[in-house]
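Have a look at the structure below before the remarks.
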Amino acid sequence: MLDIMLKEFPFSSLWNMGIFLFLGFIVIIYLFILPQEKKHPFWKSIIFFIGLLIVFAGAGSPLNIIGRIEFSTHIVQVVLLSLIAPPLLIIGMKKKIFVLAQKITILQKILFVLTKPYIAIILYFLVLYIYHHPPIFDQARVDLYGNYLYLLLLFITAIFMWVSLLSRDLNKKMKTIFHFIAVAGFVPLSGILLFSKNILYKAYTDMTTFSQALEVCLPPGKTISPELVLMLLPFEPIGEQHQGGMILLGVGFIVMMMSLLINKKMQSNRIK
2 MLDIMLKEFP FSSLWNMGIF LFLGFIVIIY LFILPQEKKH PFWKSIIFFI GLLIVFAGAG
62 SPLNIIGRIE FSTHIVQVVL LSLIAPPLLI IGMKKKIFVL AQKITILQKI LFVLTKPYIA
122 IILYFLVLYI YHHPPIFDQA RVDLYGNYLY LLLLFITAIF MWVSLLSRDL NKKMKTIFHF
182 IAVAGFVPLS GILLFSKNIL YKAYTDMTTF SQALEVCLPP GKTISPELVL MLLPFEPIGE
242 QHQGGMILLG VGFIVMMMSL LINKKMQSNR IK
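FYI, the numbering for the sequence shown is 2 to 273, going by this note's numbering.
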């Protein structure tokens, strides 16, 4: 059924060329405009580009359409944009970026506050929970730019969180504490999704809301046929919520534990 539904969408709706061009512009800046660093290893550049590809997969690929049909796919988007891409981009980023940012007084002060671990973690989870509050989520789904705005805020706050978690200024004990706090932050939302026996989001069950959520991705004037919508609904919404909860908690735990172990190993190597 998904392949039939996706055929209703033109190439420009399935693949967001605006995001593609923006990320391409970032690649040009990274390769040709930023100062070249002799000590910047090639593998870090590869990791940075992989991070950009993951951003595109999460925000500019057909996942964006499928995520409007399957809630679990939406959670995959969230995972890609906040747990996978940000640490890769930070690890692969050239050090000169951070040096240049520190030279701008106002920017330095803002980043100093926003990358404090407890502030960064609170901001990220605040955006995550506000976005997934059912009335707000349903409203965002029928507003193309509103939905992208929430995803952008989620991505930006995730970057702040990961900058703080990967910071060399934190000792092993504090890094362990903040990583576990981050894992704990996923538990309430994941628990609600996993154990709820009720349908939380109308965007996946109400025919009108579901249709509007898909039609905002279509060119102006084009609509989804009611027959096709009826064939898709209901799309096991409670089962999708359970899957989404498992994905969010499972991937969140695995990524945070991997990050913690790698951080500890790198700190030990620096001490040696």
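Ideal Cβ positions, reconstructed from N, Cα and C, are used throughout, including at glycine. Small disclaimer: the values here were computed from a predicted structure and weren't measured.
- The C-alpha of residue 100 lies about 33 Å from the C-alpha of residue 130.
- Around the beta-carbon of residue 222, fewer than 16 other beta-carbon atoms lie within 10 Å, marking it exposed.
- A check of alpha carbon separations from residue 192 across 42, 260, 249 and 210 identifies 249 as the nearest.
- Looking from the CA of residue 31, the closest CA among 94, 56 and 88 belongs to 94.
- Assigned with DSSP and collapsed to three states, residue 61 falls in coil, not helix or strand.
- By the criterion of at least three beta-carbon pairs nearer than 8 Å, the stretch 206-223 is not in contact with the stretch 149-158.
- Residue nearest to residue 97 within the set 127, 180 and 37 is 37 (criterion: CA-CA distance).
- For residue 37, the secondary structure class from DSSP, reduced to helix, strand or coil, is coil.
- Contact between the stretch 176-185 and the stretch 104-117 is absent: fewer than 3 CB-CB pairs across the two stretches fall below 8 Å.
- For residue 146, the uninterrupted alpha helix (DSSP H) run begins and ends at 145-166, by DSSP.
- Counting of Cβ neighbours within 10 angstroms places residue 202 among the buried residues, the total reaching 16 or more.
- Judged by beta-carbon spacing, residue 196 lies beyond the 9 Å limit of residue 119, meaning their Cβ atoms are not closer than that value.
- Between residue 55 and residue 89, the C-beta gap is smaller than 9 Å, which places the two residues in contact.
- The three-state secondary structure of residue 247, taken from DSSP, is helix.
- No residue range can be given for residue 68, since it is assigned to no alpha helix (DSSP H) and is classified by DSSP as neither H nor E.
- With fewer than 16 neighbouring CB atoms inside 10 Å of its own CB, residue 12 falls in the exposed class.
- The three-state reading of DSSP puts residue 94 in coil, since its state is none of H, G, I, E or B.
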